[in-house]
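Data block below; observations after.
Chains as they are written, first to last, in this note's numbering: chain V, 460 to 809; chain G, -13 to 431.
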């Protein structure tokens, strides 16, 4: 029970720096398309935001409700394929509605594969979501209807437009991703602060106690799977259409599921901001390392095969180092930094 | 303390390096032509990649160091690791599409079919010509619908007709094909499925029985499929694998007793990496080859003398010199350089822009005489590209593995491309309609 109390309401007193940070974040998001190049928008910011959003989806399930999933990418693929088919086959459907319906389809699949959570727990539960991972990759590869009988089995971005406004430019896609992400974050934040969120945390901390306290444990667990998959589904659609442009079932393989899981672990479980820190780390670090090597001119000295393999080792080493130094993830690192910074001025004033 | 250290490490990495890249260089590659090499030296397909990058780099090194550049213009290679993922390839593409350090991009040589397919819309928007050697989407040969895509050298439809042509010659003529059974064992992916349609057309025309058997990725288990081939008493097998599927298939064939010399591998199923692991089972195995292996070509000998023996080569494992994938890289680099030369004749000896690169590709004409001058006779087939035909003249040889190396069984075969012309251009037209693309204005010159 202590964990419940310490989680949500404890944050209330530090609301002011938080609001400032939030406002600052919004300003940055608005300014970025003006000053950022296509490269920054297309290759760095959009994937970070979308993977962060998928991280939020998994974090609601893992960090808040204490359930596991290895099938995040499967639910992402459902979102992507549903959006594609909805827009293709129901042309009257506007994009936001198609996204939401696709999210709901992913959510229902999530609930279905979450059913075993009513009977089994922990480690064993991951098998069911792992099943989802393999099932949907197989489904979208073998039933060509899903990719509209395309020879290459890929789905390509449908018209991205809202109310006749074309979004098929880097800034347009960025705006779509940012607005969708913000709306979903608002939803996630309210869910966590609501009764449902508190129920999830109670279940996470001790589900027997939660049941005794009158929480409908089974229903809440299924809801957690549904909500988590809803987020992942929309993230998947954004990943396929706002980032890649085209995708096939293999774009959402087990590796992607693990990536989402690592985002949660590295970012910090039970934290919203952490997901985006984690996503930035996972998406940007390999690129940053690559650019660093080039900038230092190392690729001219050492041969390329060695460099490419070294970079993977360095990336792995950074992850290990980070988790040893900061087992609670980047979110807690940033949190401690923020506290330290906010403590300093009061000491310094005469 | 710990907090500061961790933060410093992390912050320095993420922020420092990205800003560094922008500031560190001040256009010190002015006057050079950028070659962005979207490589994969890590990941599951690295063994196919590494020799290719070496082939490309060694030839470019030769052009730069020995010939003093292409008509005096040096080629500046920037390698970008993609690990064979589309995401990383996109990042690389975005990083280099507008040039780097003052060196512009004229032509992008694609390295993975996944990226090339996904980049279709991007290169159209960015107006950057993308070359996919031997294996892009076949409807992209219609340059009026796909102005920026060049699936040069080969396509899987032509491959299907070459295989049928070879089989016909073995059995004594096209009229003997009637009643024959040709099974196609394919990797169940877009690439693998690509020959279903042309084989159906060929089967209808010549009366052979067309048996199509998919193998799910990655193809580590093929017992059931080869049993099926035996049961249905297939006479020939057209084997379209990728990666680990190839050696497994050849070994399984031997186990069920299907003769290796009646299996014809696809162009991506005919490298040393595909047959060596299968050991003696692969002896006599046939394959379609667009990139013949070997080190006897004049150009290979020149590279050996001027680049590899001079210690400037990119290969670590020298046994890969002259392998199928090394020579594939070599062919890629030769085509790239010849395209630049074509462009220089029209626009002058300077780094070309992407628009000029596109013009150059559409006027590329590598004649047998030019190939002889390059010392690449037998390595590269003649290639003539036009604004309406973005493939050139597809050609391949049938080669046979003797347990140690590949031997050419035929000269360049062209297949029956005319048979598919209408079907392929109808596909391109359907694509143009689906995407409501405007008709392209008639190509200049």
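Built from N, CA and C at the ideal position, the CB exists for glycine as well.
Q | 8 Å contact criterion, which residue 315 (chain G) and residue 281 (chain G) should meet: CB distance rounded | A | Locating residue 315 (chain G) in the second chain gives position 329, where the first residue counts as 1. Locating residue 281 (chain G) in the second chain gives position 295, where the first residue counts as 1. Not really, about 14 Å apart at Cβ, beyond 8 Å.
**Q.** Neighbour list for residue 136 (chain G) in chain V, Cβ cutoff strictly below 9 Å
**A.** Counted from its first residue, the second chain places residue 136 (chain G) at position 150. Within 9 Å Cβ-Cβ: nothing; residue 136 (chain G) doesn't reach chain V, min ~18 Å.
Q: Find the residues of chain V that neighbour residue 27 (chain G), judging by a C-beta separation of less than 8 Å, and give them in chain order.
A: The residue given as residue 27 (chain G) occupies position 41 in the second chain. Per Cβ cutoff of 8 Å: 763, 764, 767, 768.
Q. Residue range of the alpha helix (DSSP H) that residue 664 (chain V) falls in?
A. For the purposes of this step, residue 664 (chain V) is identified with residue 205 of the first chain, where counting begins at 1. Element bounds for residue 664 (chain V): 654 to 664.
Q. Can at least three beta-carbon pairs, one atom from the stretch 686 to 693 of chain V and one from the stretch 476 to 486 of chain V, be found at a separation below 8 Å?
A. The way I'd put it, the stretch 686 to 693 of chain V doesn't touch the stretch 476 to 486 of chain V; fewer than three beta-carbon pairs between them come closer than 8 Å.
Q. So who's on the other strand from residue 394 (chain G), going by DSSP bridges?
A. The sequence position of residue 394 (chain G) within the second chain is 408, counting from 1. DSSP output for residue 394 (chain G) lists G:385 as bridge partner(s).
Q) Should residue 135 (chain G) go down as buried or exposed, given a rule of 16 or more other Cβ atoms within 10 Å for buried? A) Your numbering for residue 135 (chain G) matches position 149 in the second chain. By the neighbour-count criterion, in which 16 or more other beta carbons inside 10 Å mark a residue as buried, residue 135 (chain G) falls on the buried side.
Q: For residue 25 (chain G), name the three-state secondary structure that DSSP assigns.
A: Reading the second chain from its first residue, position 39 is the one you call residue 25 (chain G). The answer is strand: DSSP assigns residue 25 (chain G) an E or B state.
Q) Which residues, taken in chain order from the stretch 285 to 305 of chain G, show a beta carbon closer than 9 Å to some beta carbon of chain V? A) 300, 302
**Q.** Where the beta strand (DSSP E) containing residue 170 (chain G) begins and where it ends
**A.** As a first step, residue 170 (chain G) must be located in the second chain, where it is residue number 184. Here the beta strand (DSSP E) through residue 170 (chain G) covers 167 to 173.
Q: State the DSSP-derived secondary structure class of residue 785 (chain V), mapped to helix, strand or coil.
A: Here residue 785 (chain V) is taken as the residue at index 326 of the first chain, counted from 1. Three-state result, residue 785 (chain V): coil.
Q) Name the chain G residues whose beta carbon is nearer than 7 Å to that of residue 710 (chain V)? A) On the first chain, residue 710 (chain V) is found 251 positions in, with the first residue counted as 1. Neighbours of residue 710 (chain V) on chain G, chain order: 72.
Q: Taking only the alpha-carbon atoms, compute the straight-line gap between residue 397 (chain G) and residue 620 (chain V) and give it to the nearest angstrom.
A: By one-based count along the second chain, residue 397 (chain G) stands at place 411. By one-based count along the first chain, residue 620 (chain V) stands at place 161. Each residue's alpha carbon lies about 53 Å from the other.
Q | With 16 other Cβ atoms within 10 Å as the buried cut-off, status of residue 206 (chain G) | A | In the second chain, counting from the first residue as 1, residue 206 (chain G) sits at position 220. Classification for residue 206 (chain G): exposed.
Q.
Whole angstroms are fine: how far does the CA of residue 628 (chain V) sit from the CA of residue 11 (chain G)?
A. One-based indexing of the second chain puts residue 11 (chain G) at position 25. One-based indexing of the first chain puts residue 628 (chain V) at position 169. Confidence is the limiting factor: at residue 11 (chain G) the pLDDT is only 47, short of 50, which leaves the residue's position unreliable, though a coordinate-based value still follows. In a straight line, the C-alpha of residue 11 (chain G) is about 29 Å away from that of residue 628 (chain V).
Q | DSSP-derived helix/strand/coil call for residue 86 (chain G) | A | As a first step, residue 86 (chain G) must be located in the second chain, where it is residue number 100. Of the three classes helix, strand and coil, the one that applies to residue 86 (chain G) here is strand, per DSSP.
Q: Output, in chain order, the set of chain G residues within a Cβ distance shorter than 8 Å of residue 771 (chain V).
A: As a working mapping, residue 771 (chain V) is identified with position 312 in the first chain. Within chain G, the residues near residue 771 (chain V) are 28.
(Q) Please confirm whether residue 746 (chain V) has its beta-carbon closer than 8 Å to some beta-carbon of chain G. (A) Stepping through the first chain from its first residue, residue 746 (chain V) is reached at position 287. Taking Cβ atoms only, chain G reaches closer than 8 Å to residue 746 (chain V), which makes this a yes.
Q: Can you give me the start and stop residues for the alpha helix (DSSP H) that residue 329 (chain G) sits inside?
A: Your numbering for residue 329 (chain G) matches position 343 in the second chain. Note, residue 329 (chain G): alpha helix (DSSP H), 310 to 333.
Q: Compute every distance between the C-beta of residue 133 (chain G) and the non-hydrogen atoms of the ligand SAH, then say whether any falls below 7 Å.
A: This structure lacks the ligand SAH, and indeed carries no ligand of any kind.
Q) residue 108 (chain G) versus chain V: which residues are under 8 Å apart at the beta carbon? A) By 1-based counting over the second chain, the position of residue 108 (chain G) is 122. Residues of chain V with a Cβ closer than 8 Å to the Cβ of residue 108 (chain G) are, in chain order, 704.
Q: Evaluate residue 652 (chain V) with the Cβ neighbour count: other Cβ atoms within 10 Å of its Cβ, from every protein chain shown; 16 or more gives buried, anything less gives exposed.
A: What you label residue 652 (chain V) is simply residue 193 of the first chain in a count that begins at 1. Label assigned to residue 652 (chain V): exposed.
(Q) Need the endpoints of the beta strand (DSSP E) that residue 226 (chain G) sits in, please. (A) Position 240 of the second chain, counted from the start, is the residue given in the question as residue 226 (chain G). Counting along the chain, the beta strand (DSSP E) containing residue 226 (chain G) begins and ends at 222 to 226.
Q: Tell me where the alpha helix (DSSP H) around residue 681 (chain V) begins and ends.
A: Within the first chain, the letter at position 222 stands for residue 681 (chain V). Element bounds for residue 681 (chain V): 676 to 697.
Q. Within the chosen definition, does the stretch 503 to 516 of chain V reach the stretch 729 to 741 of chain V through at least 3 CB pairs nearer than 8 Å?
A. yes
Q.
Rounded to the nearest angstrom, what separates residue 272 (chain G) and residue 224 (chain G) at their Cα positions?
A. Position 286 of the second chain holds residue 272 (chain G). Position 238 of the second chain holds residue 224 (chain G). Distance between the alpha carbons of residue 272 (chain G) and residue 224 (chain G): 10 Å.
Q) Helix or strand or just coil, what does DSSP make of residue 624 (chain V)? A) Start at 1 with the first residue of the first chain, and residue 624 (chain V) comes out as number 165. The answer is strand: DSSP assigns residue 624 (chain V) an E or B state.
(Q) Less than 8 Å between C-beta atoms, sequence neighbours within five positions excluded: which residues of the same chain meet that for residue 707 (chain V)? (A) Against the first chain, residue 707 (chain V) aligns to sequence position 248. Excluding positions up to five away in sequence, the list reads 599, 600, 606, 611, 612, 613, 614.
Q: Using a Cβ cut-off of 8 Å (strictly closer), state whether residue 492 (chain V) contacts chain G.
A: Translated into positions along the first chain, residue 492 (chain V) becomes position 33. False, the Cβ-Cβ gap to chain G never drops below 8 Å.
Q. Using DSSP with H/G/I as helix, E/B as strand and the rest coil, what is residue 11 (chain G)?
A. Position 25 of the second chain, counting from 1, holds the residue named residue 11 (chain G). Any reading at residue 11 (chain G) needs caution, since the residue's pLDDT is 47, under 50, leaving its predicted position unreliable; the model's value is listed next. Here residue 11 (chain G) sits in coil by DSSP.
Q. In terms of residue numbering, what span does the alpha helix (DSSP H) encompassing residue 876 (chain V) cover?
A. Absent from the model: residue 876 (chain V). The displayed extent of chain V is 460 to 809, so no value can be given.
Q. For residue 293 (chain G) versus residue 70 (chain G), is the C-beta spacing smaller than 8 Å?
A. Position 307 of the second chain, counting from 1, holds the residue named residue 293 (chain G). Position 84 of the second chain, counting from 1, holds the residue named residue 70 (chain G). Not a contact, by the Cβ cut-off of 8 Å.
**Q.** residue 261 (chain G) versus G:404, G:389, G:123, G:52, residue with shortest Cα-Cα distance
**A.** Here residue 261 (chain G) refers to the residue found at position 275 of the second chain. That would be G:389, whose Cα lies nearest to the Cα of residue 261 (chain G).
(Q) 8 Å is my cut-off, CB to CB: does residue 550 (chain V) come that close to chain G? (A) In the first chain, residue 550 (chain V) corresponds to position 91, counting from 1. Not closer than 8 Å to any Cβ of chain G, the Cβ of residue 550 (chain V) fails to qualify, so no.
Q.
Helix, strand or coil, according to DSSP, for residue 371 (chain G) in the structure here?
A. Along the second chain, one-based indexing puts residue 371 (chain G) at 385. Three-state result, residue 371 (chain G): coil.
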